[in-house]
Amino acid sequence: MQIKEEGLEKFKKIIYAEIAKLFGKEALRLIRRLGYNIILLGRGNNVYEAFLVNNELKELLSIMKKINIQNPFSIGLFVGTIIENKSNIAFKVGLDLMEYLAQQLRRNIVIVSDDAAKLFLYGRDILLNSIIKILPPISYLTVIANKELEILGIAKPLVNLETFIREGRRGNIVALKNVVDKGWYLRKGG
Amino acid sequence: MINIMELLRSISIDREAIELSIEYGISPYMAKRYIELFSYKGAISFLNTIRLGLKKSIRCNTLKISCNELLRKIKDRMVVKQTPWVPYGFWILKSKVNIGATPEYLLGYYYIQGVASMLPPLILNPKPGERVLDMCAAPGGKTTQLAQIMENKGSILALDVDRTRMRALRSNISRLGVRNVVTLLLDARKIVGVGEKFDKVLVDAPCTGEGLLPLIPERGRSRSLYDMYVLMKLQYELLKSAILVTKKGGVIVYSTCSIAPEENEFIVNLILKEYSGKIELVDISFYGEKGLTEIYGLKLNSELERCLRLYPHIHRTEGFFICKLRKKV
Numbered sequence: 001m002q003i004k005e006e007g008l009e010k011f012k013k014i015i016y017a018e019i020a021k022l023f024g025k026e027a028l029r030l031i032r033r034l035g036y037n038i039i040l041l042g043r044g045n046n047v048y049e050a051f052l053v054n055n056e057l058k059e060l061l062s063i064m065k066k067i068n069i070q071n072p073f074s075i076g077l078f079v080g081t082i083i084e085n086k087s088n089i090a091f092k093v094g095l096d097l098m099e100y101l102a103q104q105l106r107r108n109i110v111i112v113s114d115d116a117a118k119l120f121l122y123g124r125d126i127l128l129n130s131i132i133k134i135l136p137p138i139s140y141l142t143v144i145a146n147k148e149l150e151i152l153g154i155a156k157p158l159v160n161l162e163t164f165i166r167e168g169r170r171g172n173i174v175a176l177k178n179v180v181d182k183g184w185y186l187r188k189g190g
Numbered sequence: 191m192i193n194i195m196e197l198l199r200s201i202s203i204d205r206e207a208i209e210l211s212i213e214y215g216i217s218p219y220m221a222k223r224y225i226e227l228f229s230y231k232g233a234i235s236f237l238n239t240i241r242l243g244l245k246k247s248i249r250c251n252t253l254k255i256s257c258n259e260l261l262r263k264i265k266d267r268m269v270v271k272q273t274p275w276v277p278y279g280f281w282i283l284k285s286k287v288n289i290g291a292t293p294e295y296l297l298g299y300y301y302i303q304g305v306a307s308m309l310p311p312l313i314l315n316p317k318p319g320e321r322v323l324d325m326c327a328a329p330g331g332k333t334t335q336l337a338q339i340m341e342n343k344g345s346i347l348a349l350d351v352d353r354t355r356m357r358a359l360r361s362n363i364s365r366l367g368v369r370n371v372v373t374l375l376l377d378a379r380k381i382v383g384v385g386e387k388f389d390k391v392l393v394d395a396p397c398t399g400e401g402l403l404p405l406i407p408e409r410g411r412s413r414s415l416y417d418m419y420v421l422m423k424l425q426y427e428l429l430k431s432a433i434l435v436t437k438k439g440g441v442i443v444y445s446t447c448s449i450a451p452e453e454n455e456f457i458v459n460l461i462l463k464e465y466s467g468k469i470e471l472v473d474i475s476f477y478g479e480k481g482l483t484e485i486y487g488l489k490l491n492s493e494l495e496r497c498l499r500l501y502p503h504i505h506r507t508e509g510f511f512i513c514k515l516r517k518k519v
């Protein structure tokens, strides 16, 4: 993996815009306050992985650059994956960043029952009936947590959760589709 | 190094060694060396641990949870006992579940790690804000422990040469919430060009794994004397590289999960000779045995007794060797 420097600003803009969509501008202020920078690592075929790094890690990278070693496997906090093709640039946010921001900002979180939490870790979706509480605003991707606010993964809401919860609607319909859960560490994580 | 090989080859395999090798399913050369190391009775006691196995243990990941909170969460499913020397290390005395598949494991609240292997990071003792090098990092037990000790502050450069194990390292970094690590697929011997840049360096060197016999008994047959020779060269070169990239006044911890003096005291002895006046051994005041200063009729540097040895049959941990060196200012 090579560090991508050319055109980095364009990608950064997209990443920051997505982060703001998911957790609001407060998330960007938090990242700035912590002194984090975005670094992109190329994975071939116009696919890049984005990471948040602090100044100490940046310094370490510049030391490595001196001996012409610039191909880290990973660095700092994983942000997500960028896929660039001719017509557009797509950004897929990673679990590490979602967990970090949800914990720091306590928003965009759906809290689910114990049974649903267990099943979610096995890759299952979330039923409307299993939702105990939401910490709004809920975005197009949201973080799933158990009653103790432990982050279990990311899901995609299939209904307008805020309206459904406000109106007290219940039912055994699938309300959130599992995108990634921490069972991944067992299934594929190595 | 060549002389050491000749010395090892010259150790004659006698009847006692052959009998032990058959009984415990290990190579005769290993049996003979264990008799040299422990006496016949001690060798039997050591080899019996192959049949008994070892207790599993976990390291509570304080980056994500307090140990009290973790114990509260797992108390219905596991009976644990705190280890005497690692405040966040726990032996699993009983478990109703697979400890590698609990929600707490997936949430990164603990790492399954041998108690002895928790010691090298603890002995290196990096401070938050320091720059640390972990030369043979994958799958990341010690790297993530270093990050835990450093409270996710400062930076760790984690190197390894195995791409598959590197994926495991990255996965563990993610699961355990570590944010101050750069992982790099690189032979650690190639890093010397950076100069004296690191405050602390961990060399948990690849080894024959003779200390892991109670956990992986196959190692008793799968490793040859030649493997050991190849590993000794690598260990020596790694430790040499570590010295070159450590700042003056900086600290290096050299460790292996082997009880073989050839991979431990012999390597450090060579380094002490080569860097005489430039590095010193630092006392490790921990539970365990002192490093060897005489073995196979060879006298080694007397300072080596400052190193630490752990044995499965005495300390109920994996067999381990740890040495702490300081680069003089």
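Residue numbers (my numbering), protein chains in the order written: chain A, 1 to 190; chain B, 191 to 519. All residues carry an ideal CB built from backbone N, CA and C; glycine is no exception. A quick note: this is a predicted structure, and the numbers were derived from the prediction, not measured.
Could you name the residues that DSSP lists as bridge partners for F51 of chain A?
A:I39, A:F78
What do you get for C329 of chain B, buried or exposed, if any count of 16 or more other CB atoms within 10 angstroms of its CB means buried?
According to the sequence provided, residue 329 of chain B is Pro. The question's Cys does not apply to it. Burial call: buried.
Alpha carbons only, please: which of B:L500, B:V435, B:S448, B:I469 is nearest the one belonging to E493 of chain B?
B:I469
Terminal residues of the alpha helix (DSSP H) in which G330 of chain B lies
Looking at the DSSP string, G330 of chain B is not in any alpha helix (DSSP H), and its letter there is neither H nor E.
Within the 7 Å Cβ cut-off, does P72 of chain A reach chain B?
yes
Can you name the residues of chain B whose CB is closer than 7 Å to the CB of D96 of chain A?
S364
Listed by chain order, chain B residues near I75 of chain A by CB distance under 8 Å:
V371, V372, T373
Below 8 Å, can you find three or more Cβ-Cβ pairs linking the region 201-217 of chain B to the region 404-422 of chain B?
yes
Please classify W184 of chain A: does DSSP put it in a helix, a strand, or coil?
helix
Check whether the Cβ atoms of L57 of chain A and I75 of chain A sit closer than 7 Å, and answer yes or no.
yes
Measure from the C-beta of I82 of chain A to each C-beta in chain B and report whether the shortest distance is under 7 Å.
no
For a contact defined as C-beta to C-beta under 7 Å, what are the partners of Y185 of chain A on chain B?
L296, S361, R365
Please list, in chain order, all residues of the same chain as L434 of chain B whose beta carbon is under 7 Å from its beta carbon, the five residues on each side excluded.
V382
Go ahead and label N178 of chain A buried or exposed: buried means 16 or more other beta carbons lie within 10 angstroms of its beta carbon, across all protein chains shown.
buried
DSSP three-state label for N178 of chain A, please.
strand
Going by the CB atoms, is the gap between S445 of chain B and C397 of chain B shorter than 7 Å?
no
Using only alpha-carbon positions, find the residue among B:N342, B:Y295, B:E484 that is nearest to I264 of chain B.
B:Y295
Residues of chain A with CB under 7 Å from V393 of chain B, in chain order?
Ordered by position in chain A, no residue passes the 7 Å Cβ test against V393 of chain B, which lies about 18 Å from the chain.
So does the region 68-86 of chain A actually touch the region 134-148 of chain A, counting three or more Cβ pairs closer than 8 Å?
no
Bounding residues of the alpha helix (DSSP H) (the contiguous stretch that carries I165 of chain A)
161-166
Return no unless some Cβ of chain A is closer than 7 Å to the Cβ of M356 of chain B.
yes
Examine the Cβ distances between the region 436-445 of chain B and the region 269-281 of chain B and report whether three or more of them are shorter than 8 Å.
no
Is there at least one Cβ from chain B nearer than 7 Å to E150 of chain A's Cβ?
yes
Which full runs of the beta strand (DSSP E) of 3+ residues lie inside the region 409-478 of chain B, going along the chain?
436-446, 469-472
Whether L119 of chain A touches D181 of chain A by CB criterion (7 Å):
no
Between the region 379-406 of chain B and chain A, which residues of the former have CB atoms less than 7 Å from a CB of the latter, in chain order?
G383, V384, K387
With burial defined as no fewer than 16 other Cβ atoms inside 10 Å of the residue's Cβ, what is the status of K188 of chain A: buried or exposed?
exposed
Please report the distance separating the alpha-carbon of L349 of chain B from that of L61 of chain A.
13 Å
Ranges of the alpha helix (DSSP H) found wholly within the region 266-341 of chain B, counting only runs of at least 4
293-296, 309-314, 331-339
So G344 of chain B contacts chain A; which residues on that side make the cut at Cβ distance below 7 Å?
E56
The alpha helix (DSSP H) with D115 of chain A in it runs from where to where?
114-121
Considering G232 of chain B, what are the terminal residues of the alpha helix (DSSP H) in which it resides?
218-242
So, helix, strand or coil for P136 of chain A, using DSSP?
coil
Check the DSSP bridge columns for D350 of chain B and list the partner residues they point to.
B:L375
Pop quiz: Y48 of chain A and G42 of chain A are said to be a contact at Cβ under 8 Å. What is the actual Cβ separation, rounded to whole angstroms?
6 Å
Quick one: what's got a C-beta closer than 8 Å to L105 of chain A's C-beta in the same chain, skipping five residues either side?
F23, G24, E26, A27, L30
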